[in-house]
Amino acid sequence: MEHFDHLKIRMEDIISATGNFSHDRLIGRGGFGPVYKGELSLSTPTMVAFKRLDRRLGQGNTEFWKEITMLSELKHANLVSLMHFCIQGDERVLVYEYASRGSLDRYISDVSLTWTQRLDICLQAARALRYLHDPKKPQGRVLHRDIKSSNILLDDKWTPKVSDFRLSKIGVSNQPHTVVVSNPVGTVGYCDPLYWEMGFLSKESDVYSFGVVLFEVMCGSLCTEYRNDKHTSLVSWWKKCCDEKKLDGIIFQHIKEEIEWDSLITFSTIANQCTSRERKERPTMEEIVEELQIAHEQQNINSNVPLIEMSERAVPPLSYTSQKELISLLSKGILVDEGKRWVTINKNKQFHEMISAAECIHGGRFICRSDDYSRFSNIFISFSSDFKVEVRTRFLSPHVAYTINLVFKHEINKHGIYVPFLYKLEEETHYSKSHAVQLRKDGWLMAELYRFTSYREEHEFKIEFLQFAITSRWRHLEGIEFRPVEHYTWRSKGQTYEAKIWFGHRWTTKKDLYFLLRKGFLIHEGEKWISISKNMKKRLMISARSILIERDWIWKSQPESRFEVVAESLDNHKLTIDFQIKSESLTLETSYSCHLIYRLPEQYSLLEDYITFRSTGSINYVQSFYLVHAPPSPIIRSIADEKYDLPSHSRKIKGYPKMRKDGWMDLTLCEVSTKDTEVIKMRLECRGSKVTQFVGLVIQGIEFKPL
């Protein structure tokens, strides 16, 4: 050990600096022993920390020399630096750089530690672990084995320093992934459960422990609490809330208002992944650093949005007394840039931006008119002509998935969800057709054109529109709107439900009964299927035989159906559905959505056009739907920011069906309420265009789902 001699100092210097290990200089205790602070006077006076070995804690020369060996060779800005050591008789003392703020665990629940500071600390600590896990450095991969918030020290500038290497191991060069350890060590709550149970140590064990620290930082609480004379881990509860998207229940409430939603989602996602039970599902430290960097950027970028500057560009000027009031005004929407842009902010603090037709549409035959239902002072009225869009955004939120939408209206209501345009980007060669169209509450139609991920505030797009169908003599064009992509989640209320079943079904426990009711069963001589939803309300499905005229259909059995038979259409151009049910068959005082459950024929090209549904009875309406699911909107992929491209996932688009897990199509027809009537009656007449043919369409039934 002679090559460490340059680090040795005399015990007299240590005694002088600590006042002979005075209690007044004691700043902490750890698994190694007590820690003192003092000013070491060698070449220049320096405040340092002294860690004194306490052999009663089971530590000895092995751990002492391991700390010296590790820290003398490992050099990183976020690792605690070993400055000196002393061996004299039975005394063993390590001398470190002084971290004046102590360890991170002291600040976990401190309301003065901001979210931005917490992100900084976690990001820098992650960089230290990335360095330790790097097998290419001369020392090889180092496994810390005891990552926890009390082993992350903070200096006066809040710079984190990973400390305590007494349990660390160096990975063998020809075993880069796993080191087998016979006796697991670490701290309860932070220790990898697989390492604890099986004794197999890997770099993913450190990842798990670091994920626990991330949860602590986010939740404002240490990972264990003392209840019923024992320590109970909170990690499983935190993970459950993450999986169920109930972050509001665990996030540190005192800093909640300052956290940008995107930053929180990124941060909580990586914490959840780190603490996955399966090691293969845990990210590497390199990936963790990247995600924490994103969370940091999302917080800083969104926090620095020039809200005041935006308010100064508002038309008319805004009057407010606080940022909270300004955000409230923005959530309702404001006009900026001489009234040519409409900007709003959603609950996740992501910006919507709409550019007026007068500002971005060119090249067609238009007249400019006012419209009482428009956000802008003027709209364009198009006289059946092609046109171009040149649009530049100003306020988009970075790292957010957006849709690009054309906002327009027809002259004739019956063409409600029909888009009479083909379109393409200027650099594209082929035109696309929009299938994702929604009727907004203000009466305007919104046709989704593209999806892309914003990576800055300003983006520029040039889109060409080609008319391909005449649905009206003229059309109103309001503008181009950029909307953050919405994600749909389902929540249950956890109500209790008691029921008696007299249909031959048996159960032995309430749990068995619950699963029976959730799965569902046949009633009314096999013509209805009843079940309960997650919020413990009745769901009801009515068989095709109960809603269709028998002579107009071919009746056949299908193993995937809930009923004995399903109906296959014989009619070419129309179909009729007629039924009624008592409201008491459903949960009273409840709103329901009504769904057509069906399958398309193998060749369904003659069903791709929109279908007009005319409903009479309890619900009267004429509305257009599609029986074929909407193809995806084109995605504009960014080479500069490829990692943020949109994931593929299903979309919820009004007027289009979705594919169920059982292979059947599900089309939402309308909404009804058991509060309004004792009997729900409905007669649906469905007709397509001249080329539409329903032959081969298979109907299983109508389903009512509680909203």
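Positions 1251 to 1957 (my numbering) are the ones given, in order, by the sequence shown. Ideal Cβ placement from N, Cα and C applies to all residues, glycine included.
Worksheet item: When DSSP labels each residue in this structure, what does Y1652 get in the three-state scheme?
Response: Your numbering for residue 1652 matches position 402 in the sequence shown. Y1652: strand per DSSP, three-state reduction.
Fill in: Three-state secondary structure assigned by DSSP to R1756
The sequence position of residue 1756 within the sequence shown is 506, counting from 1. Because the pLDDT of R1756 is 44, which lies under 50, any placement of that residue in the model is unreliable, and the question is left without a value.
Worksheet item: Could you give the residue range of the beta strand (DSSP E) that holds S1781?
Response: Stepping through the sequence shown from its first residue, residue 1781 is reached at position 531. Run containing S1781: K1778 to I1782, per the beta strand (DSSP E) assignment.
Worksheet entry | CB contact flag (T1437, K1398, <8 angstroms) | Indexing the sequence shown from 1 puts residue 1437 at position 187. Indexing the sequence shown from 1 puts residue 1398 at position 148. It is a contact, given that the beta carbons lie within the stated cut-off.
Item to complete: Can you give me the Cβ contacts of S1432 inside the same chain, cut-off strictly under 7 angstroms, excluding the 5 residues immediately before and after it?
Response: Within the sequence shown, the letter at position 182 stands for residue 1432. Confidence is the limiting factor: at S1432 the pLDDT is only 48, short of 50, which leaves the residue's position unreliable, though a coordinate-based value still follows. Excluding residues within five positions, the ones whose Cβ falls inside 7 angstroms are G1449.
Worksheet entry | Within 8 angstroms, strictly: CB atoms of F1282 and R1416 | As a position in the sequence shown, residue 1282 is number 32, starting the count at 1. As a position in the sequence shown, residue 1416 is number 166, starting the count at 1. Contact flag set, yes.
Worksheet item: With burial defined as no fewer than 16 other Cβ atoms inside 10 Å of the residue's Cβ, what is the status of Q1873: buried or exposed?
Response: What you label residue 1873 is simply residue 623 of the sequence shown in a count that begins at 1. It is buried - the Cβ of Q1873 has at least 16 other Cβ atoms within 10 Å.
Item to complete: Check Y1681 in the structure and name its three-state DSSP category.
Response: The residue given as residue 1681 occupies position 431 in the sequence shown. Y1681 falls in the coil class under three-state DSSP.
Practice prompt. Use the C-beta contact count for N1870: other C-beta atoms within 10 angstroms, 16 or more gives buried, fewer gives exposed.
Written response: Residue mapping note: residue 1870 aligns to position 620 of the sequence shown, counting from 1. Within 10 angstroms of the beta-carbon of N1870 lie fewer than 16 other beta-carbons, which makes it exposed.
Worksheet item: In the structure shown, what three-state DSSP assignment does V1669 receive?
Response: Taking the first residue of the sequence shown as 1, we reach residue 1669 at position 419. Three-state DSSP puts V1669 in coil, outside helix and strand.
Discussion item. Measuring straight from C-alpha to C-alpha, what distance separates K1258 and G1461?
Written reply: Counting from one through the sequence shown, the residue named residue 1258 turns up at place 8. Counting from one through the sequence shown, the residue named residue 1461 turns up at place 211. Going by the C-alpha atoms only, they are around 37 angstroms apart.
Worksheet item: What is the rounded straight-line gap between the Cα of P1809 and the Cα of V1815?
Response: Locating residue 1809 in the sequence shown gives position 559, where the first residue counts as 1. Locating residue 1815 in the sequence shown gives position 565, where the first residue counts as 1. Their Cα atoms are separated by approximately 9 angstroms.
Discussion item. By the three-class DSSP mapping on this structure, what secondary structure does K1582 have?
Written reply: Taking the first residue of the sequence shown as position 1, residue 1582 is located at position 332. Looking at K1582 - three-state DSSP - the assignment turns out to be helix.
Item to complete: Compare the C-beta of S1606 with all C-beta atoms of chain C and state if any pair is closer than 8 angstroms.
Response: Protein chain content of the structure displayed is limited to a single chain, and chain C is not contained in it.
Fill in: Close beta carbons around E1858, own chain, < 6 angstroms, minus the five adjacent residues each side
Position 608 of the sequence shown, counted from the start, is the residue given in the question as residue 1858. Once the five neighbours on either side are set aside, the close Cβ partners of E1858 are V1878.
Worksheet item: DSSP on S1833, reduced to helix/strand/coil?
Response: Residue numbering aside, residue 1833 sits at position 583 when the sequence shown is read from its first letter. Helix.
Discussion item. Is it buried or exposed, G1470, if we count other Cβ atoms within 10 angstroms and call 16 or more buried?
Written reply: The count along the sequence shown starts at 1 and reaches residue 1470 at position 220. Buried, by the Cβ-count rule.
Discussion item. What does the Cβ neighbour count give for C1618, buried or exposed, with the cut at 16 atoms within 10 Å?
Written reply: To locate residue 1618, count along the sequence shown from 1; it is residue 368. So C1618 ends up on the exposed side.
Fill in: Three CB pairs or more closer than 8 angstroms across the segment 1261-1271 and the segment 1331-1341
Short answer: they touch.
Worksheet item: Taking the alpha-carbon positions, what's the Q1523 to L1444 distance?
Response: By 1-based counting over the sequence shown, the position of residue 1523 is 273. By 1-based counting over the sequence shown, the position of residue 1444 is 194. Pairing Q1523 with L1444, the inter-Cα distance amounts to about 15 angstroms.
Item to complete: Please classify M1297: is it buried, with 16 or more other beta-carbons within 10 angstroms of its beta-carbon, or exposed?
Response: On the sequence shown, residue 1297 is found 47 positions in, with the first residue counted as 1. M1297 should be labelled exposed.
Worksheet item: Considering P1284, what are the terminal residues of the beta strand (DSSP E) in which it resides?
Response: Taking the first residue of the sequence shown as 1, we reach residue 1284 at position 34. Residues P1284 to S1291.
Item to complete: Please go through the same chain and pick out, in chain order, the residues whose beta-carbon is closer than 6 angstroms to the beta-carbon of R1351, but skip the five residues on each side of it.
Response: Residue mapping note: residue 1351 aligns to position 101 of the sequence shown, counting from 1. Excluding residues within five positions, the ones whose Cβ falls inside 6 angstroms are L1404.
Fill in: Where I1259 falls: helix, strand or coil (DSSP)
Position 9 of the sequence shown, counted from the start, is the residue given in the question as residue 1259. Coil at I1259, not helix or strand.
Worksheet entry | Other residues of its chain near W1365: CB distance less than 6 angstroms, five sequence neighbours each side excluded | Within the sequence shown, the letter at position 115 stands for residue 1365. These residues qualify, in order along the chain: I1505, E1508 and I1509.
Fill in: Neighbourhood of F1335 by C-beta, 6 angstroms cutoff - its chain only, sequence neighbours within 5 removed
For the purposes of this step, residue 1335 is taken as residue 85 along the sequence shown, with counting starting at 1. Result list for F1335: L1257, I1318 and L1344, in chain order.
Practice prompt. Run the CB neighbour count on A1267, radius 10 Å, all protein chains shown included, and call it buried at 16 or more, exposed below.
Written response: The residue given as residue 1267 occupies position 17 in the sequence shown. By the neighbour-count rule (16 or more Cβ atoms within 10 Å), A1267 is buried.
Worksheet item: So, is Q1853 buried or exposed, given that buried needs 16 or more other C-beta atoms within 10 angstroms?
Response: Position 603 of the sequence shown holds residue 1853. Looking at its Cβ environment, which holds fewer than 16 other Cβ atoms inside 10 Å, Q1853 is exposed.
Worksheet item: What are the boundary residues of the beta strand (DSSP E) that P1956 is part of?
Response: Counted from its first residue, the sequence shown places residue 1956 at position 706. Per DSSP, P1956 belongs to the beta strand (DSSP E) from V1948 to P1956.
Worksheet item: Using a Cβ-Cβ cut-off of 7 angstroms (strictly less than) and excluding sequence neighbours within five positions of I1629, which residues of its own chain qualify?
Response: Numbered from its first residue, the sequence shown carries residue 1629 at position 379. Correct list, in chain order: A1607, R1619, D1621, H1726, L1727 and E1728.
Worksheet entry | Close Cβ partners of L1464 (< 8 angstroms) along its chain, the five nearest in sequence each way excluded | Numbered from 1 along the sequence shown, position 214 holds the residue referred to as residue 1464. Taken in chain order, the residues that qualify are C1372, F1517, I1520, A1521 and C1524.
Discussion item. Nearest by alpha-carbon distance to K1599: which of G1589, A1564 and F1645 is it?
Written reply: Translated into positions along the sequence shown, residue 1599 becomes position 349. If we check each option's Cα against that of K1599, F1645 comes out closest.
Worksheet item: Quick one: Cα of V1709 to Cα of F1658, how far?
Response: Along the sequence shown, read from residue 1 onward, the residue named residue 1709 stands at position 459. Along the sequence shown, read from residue 1 onward, the residue named residue 1658 stands at position 408. Checking the sequence shown, residue 1709 turns out to be His, not Val. Cα to Cα, the separation comes out at about 22 angstroms.
Discussion item. For E1454, report the span of its alpha helix (DSSP H) as first-last.
Written reply: Within the sequence shown, numbered from 1, the residue matching residue 1454 stands at position 204. Per DSSP, E1454 belongs to the alpha helix (DSSP H) from K1453 to C1469.
Item to complete: Confirm, please, whether the CB-CB distance from V1435 to R1477 is below 8 angstroms.
Response: Translated into the one-based positions of the sequence shown, residue 1477 becomes position 227. Translated into the one-based positions of the sequence shown, residue 1435 becomes position 185. Contact flag unset, no.
Practice prompt. Report the residue from L1699, S1923 and S1624 whose alpha carbon sits nearest the alpha carbon of S1994.
Written response: The chain is shown from 1251 up to 1957; residue 1994 falls before or after that span and cannot be answered.
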